[in-house]
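Below: the structure, in structure tokens.
There are 2 protein chains.
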Amino acid sequence: MNSSVEENYLKALFMLSSTKGEATVNEVSRFLDIKMPTVNSMMKRFSEKGLVIHENYKPLKLTAKGRLEAALVVRKHRLTEMYLVEKMGFGWEEVHHIAEQIEHIHAPEFFNKMDALLGYPTVDPHGSPIPSKEGNIIVNPYLKLSDCIIGEQVELMAVGQSSASLLKYLNTRELALGAVIHIDEIEPFDRSMHVSYSGRTAVVLTSLVCDSLLVRRLDKESK
Amino acid sequence: MNSSVEENYLKALFMLSSTKGEATVNEVSRFLDIKMPTVNSMMKRFSEKGLVIHENYKPLKLTAKGRLEAALVVRKHRLTEMYLVEKMGFGWEEVHHIAEQIEHIHAPEFFNKMDALLGYPTVDPHGSPIPSKEGNIIVNPYLKLSDCIIGEQVELMAVGQSSASLLKYLNTRELALGAVIHIDEIEPFDRSMHVSYSGRTAVVLTSLVCDSLLVRRLDKESK
DNA sequence: TAAACATATTAGGATGGTCTAATATTTTGT
DNA sequence: ACAAAATATTAGACCATCCTAATATGTTTA
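Top line first, the protein sequences correspond to chains A and B. According to this note's numbering, the residues represented by the first sequence are 1 to 223, in order. According to this note's numbering, the residues represented by the second sequence are 224 to 446, in order.
In structure tokens:
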């Protein structure tokens with residue numbers, strides 16, 4: 001069984017390699033804020049445990065086993081976040097650091113119970129997909145708000161990073177998942193956007209925020 | 224802040240010293256299944272942290288600070304057990320090992336939320352008192368069933384130890400907290416008891432079981 | 001293409017938490 | 001009251017997880 005520490009490395013590898021299929025020691029080091037030599041020796045261990053493929057000076061690749069175990073940690077994290085929001089009444093900006101701890105609990109019946117009580121959800125409160133028990137995960141097909149153009153109407157589907165500060169910021173603008181956003185204007189010099197949604201108009205979102213908002217395009221006719 | 228390991232030592236000290244006000248290295252060692260020298264050196268650290276008073280070859284006494292921090296760990300454990308039973312539908316025999324892990328989470332808002340959702344309970348599903356946020360705990364005034372005599376009628380208020388095996392045993396006899404038990408007979412040679420309660424008659428409970436059942440005497444007239 | 005920079009690895013050390021073996025002290029039983 | 005037993009302590013070792021310093025490799029760029 002993997003320790004909490006090992007689970008954190010697995011999660012990091014899973015997230016970092018989700019797009020390219022691989023990650024570097026340096027990326028893991030920055031992600032976890034752990035020095036490279038420490039990461040390096042842990043990867044040696046992971047290699048022996050059959051969790052990653054690691055040749056010297058080459059990038060890290062999760063094995064099928066590693067990917068499964070990593071996905072199950074992410075599953076525990078996201079199920080927990082969903083439970084905290086849906087069943088306990090926490091705000092979406094409060095749950096990350098609690099889930100960060102609960103995800104390391106070894107008690108399948110506990111997570112299965114949450115899953116059942118929630119009705120087997122497929123996304124967490126931030127719109128991120130919850131991996132299945134088999135480790136399968138539906139990759140978000142969404143695009144960044146920052147990649148949209150003037151005049152488009154989009155629905156907010158997920159946030160790219162669930163930092164408390166971003167989420168609190170969105171709370172103050174009453175911008176929640178499902179919001180239908182119309183892009184009124186884009187400032188060319190700083191790529192900030194003027195948008196309107198559900199009663200609010202002329203809201204300005206900086207490009208940093210727009211980079212973190214994942215949306216899907218709506219037909220002109222969709223409400 | 225105390226580590227999970229330290230929290231376990233605190234809990235052990237709290238439980239073991241609840242009656243006499245002190246505990247020995249040997250008792251802690253047996254309770255936690257950790258060798259005496261290890262306990263000894265941890266107690267040295269606790270001494271430095273101001274959690275216990277420890278003179279060489281003398282018993283251990285929690286300081287006020289140690290007692291408070293210990294009580295808060297017990298509080299987290301028992302609140303969690305209550306939440307798991309009341310809000311998630313677990314059986315009282317399933318919750319101990321889950322709570323044993325959740326009790327180490329550092330997130331006051333999480334435990335405060337459970338507390339509120341439960342309506343500020345004062346006992347856990349096994350009848351054990353939940354310490355207050357100030358570390359106060361109401362000591363059980365109950366007596367062991369094994370200290371009762373033939374003809375007495377008592378109410379089951381708590382179980383002395385919440386091992387899954389005992390609780391499953393009680394489940395199969397349909398013996399739950401609140402049950403009104405009448406003592407029909409006591410076998411002198413092995414101190415086992417013949418009892419009846421809520422429709423069940425001639426149930427035999429060994430002295431080991433009777434030692435673990437905490438009850439209060441009922442007036443002859445109480446139902 | 002060679003120097004400079006970024007990334008990766010090796011070597012060696014620190015701390016937390018555990019152990020066993022040896023020794024010291026206290027308690028118990030005859 | 002003394003020997004035996006139980007309890008407590010010290011000493012020294014091990015593993016997990018982190019670190020820094022030094023070195024090796026790979027990549028970028030003048």
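Note that beta-carbon positions come from the ideal geometry of N, C-alpha and C, so glycine has one too. Computed from a predicted structure; not experimentally measured.
Can you list, in chain order, the residues of its chain with a C-beta nearer than 7 Å to that of residue i? Leave out the 5 residues immediately preceding and following it.
| i | result |
| --- | --- |
| A:Lys168 | Glu93 |
| A:Ile34 | none |
| B:Met265 | Tyr232 |
| B:Leu318 | Sequence inspection shows Val at residue 318 of chain B; the Leu mentioned does not correspond to that position. Here the set comprises Glu304, Leu307, Val308 and Pro348. |
If you draw a straight line from the alpha carbon of residue i to that of residue j, how long is it in whole angstroms?
| i | j | result |
| --- | --- | --- |
| A:Ser222 | A:Glu152 | With a pLDDT of 45 at A:Ser222, under the threshold of 50, the predicted position of this residue should be treated as unreliable, though the coordinate-derived value follows. Cα-Cα distance, rounded: 12 Å. |
| B:Met337 | B:Val308 | 12 Å |
| B:Ala387 | B:His329 | 26 Å |
| A:Asn8 | A:Gly66 | 12 Å |
| B:Gly273 | B:Leu233 | 12 Å |
| A:Asn40 | A:Gly135 | 25 Å |
| A:Asp219 | B:Glu229 | 58 Å |
| B:Pro411 | B:Val296 | 41 Å |
| A:Val28 | B:Thr242 | 50 Å |
| B:Ala399 | A:Asn140 | 49 Å |
| A:Leu16 | A:Asn26 | 11 Å |
| A:Arg45 | B:Thr261 | 27 Å |
| B:Leu389 | A:Ala12 | 42 Å |
| A:Leu213 | B:Arg396 | 57 Å |
| B:Tyr365 | A:Met36 | 58 Å |
| B:Lys310 | A:Asn56 | 50 Å |
| A:His97 | B:His320 | 22 Å |
Would you kindly check if the distance between the Cβ of residue j and the Cβ of residue i is under 9 Å?
| i | j | result |
| --- | --- | --- |
| B:Gly350 | B:Val377 | no |
| A:Pro125 | A:Ile137 | no |
| B:Lys284 | B:Glu245 | yes |
| A:Ala71 | A:Phe31 | no |
| B:Cys371 | B:Arg440 | yes |
| A:Val195 | A:Val204 | yes |
| B:Arg298 | B:Ser355 | yes |
| A:Glu109 | A:Asn2 | no |
| A:Asn171 | A:Gly89 | no |
| A:Ile186 | A:Ile150 | yes |
Leaving out five residues on either side along the sequence, give the residues of the same chain with a beta carbon under 6 Å from the beta carbon of residue i.
| i | result |
| --- | --- |
| B:Thr247 | Pro282 |
| A:Arg191 | Ser207 |
| B:Glu270 | Note that residue 270 of chain B corresponds to Ser in the displayed sequence, not to Glu. Cβ within range, chain order: His277. |
| A:Asp211 | Lys144 and Ser146 |
| B:His300 | Ala322 and Glu326 |
| B:Val432 | none |
Grab me the residues of residue i's own chain with a C-beta within less than 8 Å of its C-beta, minus the 5 sequence neighbours each way, in chain order.
| i | result |
| --- | --- |
| B:Ala402 | Glu378, Leu379, Tyr420 and Ser421 |
| B:Leu302 | Phe334, Met337, Asp338, Leu341, Pro344, Asp347 and Ile353 |
| A:Ala202 | Asp184, His194 and Ser196 |
| A:Thr63 | Gly50, Leu51, Val52 and Ile53 |
| B:Ser227 | His327 |
Is it the case that the CB of residue i approaches a heavy atom of the ligand PLP more closely than 8 Å?
| i | result |
| --- | --- |
| A:Lys65 | Among the components of this structure there are no ligands whatsoever, and the ligand PLP is therefore not found. |
Taking the runs of the beta strand (DSSP E) that are 3 residues or longer, which of them lie wholly in the segment 120 to 201 of chain A?
153 to 159, 180 to 186 and 193 to 197
At 3 residues or longer, and completely inside the segment 251 to 315 of chain B: list those beta strand (DSSP E) runs for me, N to C.
none
With three or more C-beta pairs closer than 8 Å as the rule, is the segment 75 to 90 of chain A touching the segment 109 to 123 of chain A?
yes
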